[in-house]
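Participant:
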Amino acid sequence: VCVCVCVWFWLLSFYGVRLVDFGKCAGRVELSNGTRVCGDGWSLQEGGVVCRALSCDKALAVGPFGSGSRAIFLKDVTCSGNEKSLTQCKNSGFGPKTCQSEAGVVCSAYAHSLRTQPTHTAYSHSLHTHSPLTDSIRTIVLLQSIHPFSSSYPGWVAGAAV
């Protein structure tokens, strides 16, 4: 049993994390091998670990990113918030799972990069696709640039940066 568990964690340590669809500091969470991360139960703690691992500062918001229709996921990821990498968080490994949604995160470095650009550039930067998710991320970033979140956007958890 120890051999299987030890080998599993050794293999998992080779995978980095990345965000896709919105740039380095916002988007859907994937491991470097392309495996998506199940977002069921995803919180600001997990998002904060991802943002720090990517040098994107802190997590502003986390939420569903897509339908979770893909077959293979990193499942049941739970972080305390102090981990250096998502692969150091507790998880139940790779495998097929019915997943309600894929994990997504908006890091503070992404919001800062949009706020430092001219308004038309910042607005068009996040409009490369049209979907409820795109609207959610744009709304989250624009609201955060005006004032801190006072309530969650539907389907997203937002608050003080973690």
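Here the sequence shown stands for residues -19 to -1, 1 to 143, numbered as in mature numbering (1 follows the signal peptide of the UniProt record, and there is no 0).
Think of the CB as a built atom: it goes at the ideal place given N, C-alpha and C, for glycine as much as any other residue.
1. Taking only three categories from DSSP, how would you classify Cys88?
2. Can you check which of these residues, Cys32, Gly44 and Cys19, is closest to Gly74 by C-alpha distance?
3. Given a cut-off of 8 Å, decide if Thr16 and Ile53 are closer than it, judged by their beta-carbon atoms.
4. Mapping DSSP to helix, strand and coil, what is Ala30?
5. Under a Cβ-count criterion, where at least 16 other Cβ atoms within 10 Å of its own Cβ denotes burial, should Ser82 be classed as buried or exposed?
6. Hey, how far is the Cα of Val86 from the Cα of Lys5?
7. With C-beta atoms as the reference, is Leu41 less than 8 Å away from Val(-3)?
Facilitator: For this structure:
1. Residue mapping note: residue 88 aligns to position 107 of the sequence shown, counting from 1. DSSP places Cys88 in strand when its eight states are reduced to three.
2. Here residue 74 refers to the residue found at position 93 of the sequence shown. For the set Cys32, Gly44 and Cys19, the Cα lying nearest the Cα of Gly74 is the one of Cys19.
3. The residue you call residue 53 lines up with position 72 of the sequence shown. The residue you call residue 16 lines up with position 35 of the sequence shown. For the pair Ile53 and Thr16, the CB atoms are nearer than the 8 Å cut-off.
4. As a position in the sequence shown, residue 30 is number 49, starting the count at 1. Sequence inspection shows Val at residue 30; the Ala mentioned does not correspond to that position. Three-state result, Val30: helix.
5. Walking along the sequence shown from the start, residue 82 turns up at place 101. Classification for Ser82: buried.
6. If you number the sequence shown from 1, residue 86 lands on position 105. If you number the sequence shown from 1, residue 5 lands on position 24. Put simply, the backbone Cα of Val86 is about 11 Å away from that of Lys5.
7. Position 60 of the sequence shown holds residue 41. Position 17 of the sequence shown holds residue -3. It is not a contact, given that the beta carbons lie outside the stated cut-off.
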